[in-house]
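Everything on this sheet refers to the single structure shown next.
Numbering (the working numbering), first residue to last: 1353 to 1692.
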């Protein structure tokens, strides 16, 4: 993590302890001399930690008798390597002939969660240099290689990234719920299934504009901006509702010819152009100071404002073309079905 530009205060809960000798047994040599790994480990343990030989009774007290090497013979690395180990046949071999060793700093404590060894690594980021998503992607890329190399190692994110992920899932659920509610309300209002679908087609284009807005303004994709996406979905359908309502009002005469039905769609785009643009511009104008920090500090809410501003801007322009086009397509499909 320290190698990632924009990160600082990197720390972990694995404080270094004392230096320790790590013995790695050469299994081929051990088998050649008739030793098992357990046999070698027990010999080393008995020599340095001792083994309970017997108990000495003194009146009512029992005193354990521990047998181990004299301190003078277990005070250096050479003493460890010169340790003589006996196999089942009674033959002795020096430990140095069976093992390789290295000196490392051991842990002062081992933390476990669900009986698994666990290390917490924490850090902070400078959002002016790098985003949380980029840091998380770099870390995930590194640990994917670690997991492939060491199958027993796993990792998971916590802290702000974990909170962001959970919030994203919750807001995504809210977004889907809002789409369902909008569809049900529009379906009840227009007494139609097709017209609410036409109206909701403005939402994807608004989301594209919102993403472009975040990129252009260099704002992060944050929890605040996600709230903007949910709010945007409820705002951008207004222009489409105006167009569909106008088309429906023009079609109330059931004796209209097919040409007149098509003409009502054209008139909707032409006659509702000014009201739609003025309505959207008033909303966009109100968001400009917040989005660009005019007249004060608004860094916290700038992502939300940019999402709504750019999403509304793109959807307003596209709505004037998309909604009439889809309305005409639906009319053609309905006409074809009636002929069949």
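All C-beta atoms, glycine included, are put in the ideal place defined by N, C-alpha and C.
Under 8 Å between C-beta atoms of residue i and residue j
i            : j            : result
residue 1684 : residue 1628 : no
residue 1558 : residue 1664 : yes
residue 1666 : residue 1561 : yes
residue 1615 : residue 1595 : no
residue 1387 : residue 1439 : yes
residue 1373 : residue 1432 : yes
Residue nearest to residue i in terms of C-alpha spacing, selected from the options
i            : options                : result
residue 1556 : 1668, 1509, 1365, 1569 : 1668
residue 1488 : 1549, 1480, 1509       : 1509
residue 1450 : 1515, 1463, 1420, 1383 : 1383
residue 1370 : 1358, 1455, 1406       : 1455
residue 1635 : 1661, 1586, 1624       : 1661
residue 1475 : 1619, 1682, 1357, 1674 : 1357
Straight-line gap, residue i to residue j (C-alpha atoms, nearest Å)
i            : j            : result
residue 1692 : residue 1573 : Only weak support is given to the placement of residue 1692: the predicted model assigns it a pLDDT of 42, under 50, and the question is left unresolved by the model.
residue 1676 : residue 1473 : 55 Å
residue 1630 : residue 1622 : 14 Å
residue 1549 : residue 1535 : 7 Å
residue 1671 : residue 1617 : 13 Å
residue 1492 : residue 1465 : 21 Å
residue 1399 : residue 1380 : 23 Å
residue 1643 : residue 1482 : 21 Å
residue 1408 : residue 1396 : 25 Å
residue 1484 : residue 1547 : 41 Å
residue 1658 : residue 1541 : 31 Å
residue 1513 : residue 1565 : 23 Å
Local Cβ density within 10 Å of residue i, reported as buried at 16 or more and exposed below that
i            : result
residue 1390 : exposed
residue 1654 : buried
residue 1427 : exposed
residue 1417 : exposed
residue 1690 : With a pLDDT of 49 at residue 1690, under the threshold of 50, the predicted position of this residue should be treated as unreliable, though the coordinate-derived value follows. Its Cβ having fewer than 16 others within 10 Å, residue 1690 is exposed.
residue 1652 : exposed
residue 1502 : exposed
residue 1571 : buried
| task | Ignoring anything shorter than 4 residues or poking outside the region 1435–1521, list the alpha helix (DSSP H) runs there in chain order. | result | 1484–1501
| What are the complete beta strand (DSSP E) segments, minimum 3 residues, inside the region 1386–1420? | 1403–1410, 1413–1419
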